[in-house]
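Reviewing the structure listed below.
Protein chains: 4
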Amino acid sequence: MARIIDKEEKRCDIARASIELFCDKGIQQTSMDEIAKSAGVAKGTVYLYFKNKEEIIFAIWDMIAQRHHEAFGKRITEHMRAKEKLLDFFNFSECEEEGNKEQVLKLYQHFISAMLIDKTGLYSAYFESFFQEDFDFISGCLHEGVAKGEFLIDDVDLLTTSIMLLLKGLLVRAKASNMGFYEAQTLLIKHVTFLLNQCTRSLP
Amino acid sequence: MARIIDKEEKRCDIARASIELFCDKGIQQTSMDEIAKSAGVAKGTVYLYFKNKEEIIFAIWDMIAQRHHEAFGKRITEHMRAKEKLLDFFNFSECEEEGNKEQVLKLYQHFISAMLIDKTGLYSAYFESFFQEDFDFISGCLHEGVAKGEFLIDDVDLLTTSIMLLLKGLLVRAKASNMGFYEAQTLLIKHVTFLLNQCTRSLP
Amino acid sequence: MARIIDKEEKRCDIARASIELFCDKGIQQTSMDEIAKSAGVAKGTVYLYFKNKEEIIFAIWDMIAQRHHEAFGKRITEHMRAKEKLLDFFNFSECEEEGNKEQVLKLYQHFISAMLIDKTGLYSAYFESFFQEDFDFISGCLHEGVAKGEFLIDDVDLLTTSIMLLLKGLLVRAKASNMGFYEAQTLLIKHVTFLLNQCTRSLP
Amino acid sequence: MARIIDKEEKRCDIARASIELFCDKGIQQTSMDEIAKSAGVAKGTVYLYFKNKEEIIFAIWDMIAQRHHEAFGKRITEHMRAKEKLLDFFNFSECEEEGNKEQVLKLYQHFISAMLIDKTGLYSAYFESFFQEDFDFISGCLHEGVAKGEFLIDDVDLLTTSIMLLLKGLLVRAKASNMGFYEAQTLLIKHVTFLLNQCTRSLP
DNA sequence: TATGAATGAGCATTCATTCAT
DNA sequence: AATGAATGAATGCTCATTCAT
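Protein chains in written order, with this note's numbering: chain A, 26 to 229; chain B, 26 to 229; chain C, 26 to 229; chain D, 26 to 229.
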């Protein structure tokens with residue numbers, strides 16, 4: 026009988042161990058050696074769980090995104106107003122520790138950085154699908170708001186895209202202006218609110 | 026005095042030679058060796074004009090930004106409407122060859138990528154100042170439009186920031202969705218126009 | 026007793042499973058992992074049947090050589106002329122499928138490559154004994170031909186050695202000239218025939 | 026002014042330093058690190074003179090082949106008999122030190138080993154051209170012998186090819202039988218002489 | 001001023017083998 | 001007997017930067 030190991034859990038262990046490194050040093054700057062050491066395993070072991078470095082990155086992002094969507098799904102309730110839901114989407118309430126939110130911001134920035142210079146198209150494809158999920162969430166909120174008679178929107182898709190562009194823009198801006206998570210979030214909410222107020226017409 | 030001019034010229038020569046390389050291969054992937062070869066000088070010579078790779082990058086960006094602002098300054102005329110000016114700002118008309126626009130887009134993405142993972146703060150500081158210039162331009166246009174009675178805006182700064190976030194967001198989105206310059210530009214204009222229409226109130 | 030038979034069978038199973046891999050990718054390039062997977066057993070199991078990679082290689086070669094000699098022994102008949110027998114020795118008729126002949130050629134080349142760089146002397150010893158078998162076969166044919174009065178040979182050993190050198194030389198040449206099995210075989214037979222014609226004197 | 030360096034000489038220095046390593050440990054088993062250390066330079070420096078490991082190997086072989094052909098060209102004289110020339114071709118007289126001949130034999134074996142498992146075709150192409158040169162030399166000797174009335178040969182090409190196959194076969198045999206240079210050479214000459222005696226008809 | 005030779009740390013990935021279960 | 005998780009050494013190649021000339 027072979028050693029009994031929860032492969033999925035070990036995968037997570039290794040991925041989790043990489044997160045801190047990626048945040049601190051960046052993706053490119055983190056070596057597989059460091060990841061292995063940080064996870065407390067040998068270098069070769071990392072490759073038993075991940076085909077290559079990219080797979081670790083995507084696995085991490087999957088973990089974060091899944092957790093975000095799941096947590097968001099649990100938080101929202103029937104009677105919440107669409108606008109409330111939307112703003113809650115940008116609040117990573119699932120991060121128990123406060124530091125985790127800063128981590129998520131940094132990771133986001135590192136991942137986008139990696140994507141922006143990727144030549145293989147893997148990152149683009151990955152982020153595209155990931156953005157699509159977010160798009161669907163946001164779009165869903167808006168449509169729901171319209172359906173519930175909360176507000177009127179001429180072109181939901183256009184507004185959704187605008188919101189997503191604001192989100193992405195803010196990730197860049199946050200780095201340039203050396204913002205932390207909260208500052209960035211506050212700014213984002215301010216602009217999304219502004220946009221919503223402008224683009225929706227309250228029903229009488 | 027002649028010396029200084031020569032020096033400045035050679036700096037430009039070297040910087041210019043790197044642009045294509047940076048666009049084609051990315052900043053990280055372009056070696057100082059290639060830059061030297063492309064500029065037709067020895068590797069050591071590059072270091073006589075630039076302290077390191079970063080300095081080349083900033084020099085390039087300075088060149089492009091200066092050219093952009095200068096060209097924009099020339100294009101706009103007294104009788105143009107504010108909205109016209111604003112949209113013209115996003116049209117890199119100064120790029121004579123069409124390919125150059127694609128280059129500028131790629132460079133922008135590469136630079137942002139570099140900034141997002143920069144630990145020194147140099148990039149952030151640089152981009153912050155650079156973004157500030159753009160902010161001033163856009164803000165100037167909007168204020169002018171208000172002054173001229175072209176439209177009413179409650180909070181010019183907020184709107185300006187929103188526009189800038191859209192711009193940055195689009196640079197990220199363009200890569201994820203594998204867009205070229207024109208597609209990205211079209212999308213940007215669409216969203217800025219939408220925003221302007223929503224956020225400004227035409228005077229009767 | 027049953028155990029031993031099983032063990033021998035399993036050894037063969039594993040060895041057989043490696044053949045294709047060795048042909049396709051080369052000995053060095055085939056990992057024990059791949060061999061195990063291909064044989065449908067766990068990596069550790071391979072080591073229960075073979076002390077190391079080399080042992081697998083020798084086992085394979087034993088299988089092939091044994092099959093070759095057995096098949097050859099069956100094919101030749103009393104009334105065949107010595108020359109016929111000799112040429113038949115170079116025809117791997119026992120390979121039912123045509124592709125197998127190409128495999129044998131490749132294996133031969135891979136094995137010789139491994140021997141040529143071997144530091145342990147294991148390969149040399151192995152091949153020496155293996156060459157000796159071939160030498161005996163060929164020498165036997167020639168002696169028989171002489172005994173039967175088919176031809177006259179001054180120095181049977183010298184001629185045998187020459188034939189064997191031609192065979193080995195052809196294996197190298199076949200790779201350099203990118204020959205397949207048939208091309209190599211044709212060339213070999215041509216040269217052996219030429220040698221035989223020159224070195225033997227037909228009796229009147 | 027840059028450091029004045031005879032690039033060609035340094036190339037040779039590095040190549041020469043690798044020879045011993047390749048002989049002792051084999052090509053595959055010699056790391057670029059060891060080559061650099063052995064040549065007394067940094068690893069990166071090796072790459073200034075050779076694009077990759079293969080280039081070193083081919084450079085070495087070029088050096089040896091060139092030296093061999095040049096030395097051979099000088100040694101042979103007008104009045105030598107064709108057979109004398111031919112046998113001299115297999116005598117690496119240009120190797121001043123005796124150990125060098127053993128080195129050449131080992132290198133030959135290592136190179137052939139590398140070729141036999143090469144998937145790129147580079148080695149095959151290289152050896153093919155190299156074999157062609159040898160073929161031309163040998164063929165030239167034989168033709169000359171015929172022209173001079175030294176002997177009669179029905180098919181010079183066939184005989185030349187046979188000789189070359191003997192040579193290649195002997196390189197393999199030498200390893201299997203653990204022969205040194207002299208033993209191998211003696212055997213080769215014996216077989217070539219035998220072949221020549223059989224295949225040529227002395228004129229009356 | 002200009003050159004370009006030299007450096008050497010850095011890194012992703014592979015793989016034969018072991019051994020706890 | 002059989003498994004397969006774990007190991008960690010090994011390696012070809014890159015590149016920003018320095019400095020002797």
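Think of the CB as a built atom: it goes at the ideal place given N, C-alpha and C, for glycine as much as any other residue. Since we're looking at a predicted model, the values are computed, not measured.
Those residues which DSSP pairs with Leu132 of chain C across a bridge | In the DSSP output, where bridge partners are listed per residue, Leu132 of chain C has none listed.
Note down the Cα distance separating Trp86 of chain B from Asn222 of chain A, rounded to an integer number of angstroms.
-> 37 Å
Neighbourhood of Phe160 of chain D by C-beta, 8 Å cutoff - its chain only, sequence neighbours within 5 removed = Thr185, Thr186, Met189
Using three-state DSSP, classify Phe115 of chain A as helix, strand or coil.
-> coil
Are Val66 of chain B and Met57 of chain B closer than 8 Å when you measure CB to CB?
-> no
Taking 8 Å as the CB-CB cut-off, is Cys224 of chain C touching chain D?
-> yes
Would Ile81 of chain A count as contacting chain B if we go by Cβ distances under 8 Å?
-> no
Distance, Cα to Cα, Gln91 of chain D vs Phe156 of chain C?
-> 34 Å
Residue-level contact to chain B via CB, Ile137 of chain A, 8 Å cutoff | yes
Alpha carbon of Ala150 of chain D to alpha carbon of Ser138 of chain D, nearest angstrom = 14 Å
From D:Gln128, D:Ala107, D:Leu141, D:Phe97, pick the residue whose C-alpha is nearest to that of Ser202 of chain C; which is it?
-> D:Leu141
Member of B:Lys131, B:Glu80, B:Ala61, B:Ala84 whose CA lies at the smallest distance from the CA of Met204 of chain B | B:Lys131
Of the residues that make up the region 138 to 157 of chain A, which ones have a beta carbon closer than 7 Å to any beta carbon in chain B?
-> Ser138, Met140, Leu141, Ile142, Ser149, Phe152, Glu153, Phe156
Pairwise C-alpha distance: Ala40 of chain D and Lys68 of chain D = 14 Å
Which whole runs of the alpha helix (DSSP H) in the region 35 to 89 of chain C are 4 residues long or more, in chain order?
-> 57 to 64, 68 to 74
Taking Cβ positions, are Lys42 of chain A and Ile60 of chain A nearer each other than 8 Å?
-> Residue identity check: residue 42 of chain A is Ala in the sequence provided, not Lys. Their beta carbons are under 8 Å apart, which means Ala42 of chain A touches Ile60 of chain A by this criterion.
Taking 8 Å as the CB-CB limit, is Thr186 of chain C close to chain D?
-> yes
With Val129 of chain B and Phe117 of chain B assumed to form a contact (beta carbons below 8 Å), what rounded beta-carbon distance in angstroms separates them?
-> 6 Å
Can you tell me the Cβ-Cβ gap for Val217 of chain A and Lys193 of chain B, rounded? I've got them flagged as a contact below 8 Å.
-> Val217 of chain A to Lys193 of chain B, Cβ: 15 Å. No contact.
C-beta atoms of Leu183 of chain D and Phe219 of chain C nearer than 8 Å | yes
Just mark Thr55 of chain B as buried or exposed, buried being the case when its beta carbon has 16 or more other beta carbons within 10 Å.
-> buried
With C-beta atoms as the reference, is His94 of chain C less than 8 Å away from Glu158 of chain C?
-> yes
What residues of chain A sit near Asn240 of chain B, judged by a beta carbon separation below 7 Å?
-> There is simply no residue 240 of chain B to check, as chain B begins at 26 and stops at 229 in what is shown.
Alpha helix (DSSP H) segment containing Asp159 of chain C, residue limits | 147 to 172
Count the other C-beta atoms from every protein chain shown that fall within 10 angstroms of the C-beta of Tyr207 of chain D, then say buried if there are 16 or more, exposed otherwise.
-> exposed
Cβ atoms of Val181 of chain C and Ser154 of chain C: under 8 Å apart, would you say?
-> no
Note down, in chain order, all residues in the region 97 to 130 of chain A with a beta-carbon under 8 Å from any beta-carbon belonging to chain B.
-> none
What separation, rounded to the nearest whole angstrom, lies between the Cα atoms of Cys48 of chain B and His135 of chain B?
-> 8 Å
Chain-ordered neighbours of Leu190 of chain A on chain B, where CB pairs are closer than 8 Å = Leu190, Leu191, Gly194, Leu195, Arg198, His216
Whether Lys99 of chain D touches Cys166 of chain D by CB criterion (8 Å) = no
Cα-Cα separation, Ile101 of chain A to Glu119 of chain A | 12 Å
Check the Cβ of Leu183 of chain C against every Cβ in chain D and list those closer than 8 Å, keeping chain order.
-> Lys215, His216, Phe219
Would you say Gln261 of chain C reaches chain D, if we count a Cβ-Cβ gap shorter than 8 Å as a contact?
-> Nothing about residue 261 of chain C can be read from this structure; chain C reaches only from 26 to 229.
Whole-angstrom Cβ separation of Glu79 of chain C and Leu147 of chain C, contact assumed at under 8 Å?
-> 6 Å
So, is the C-beta of Gly51 of chain B closer than 8 Å to a C-beta in chain A?
-> yes
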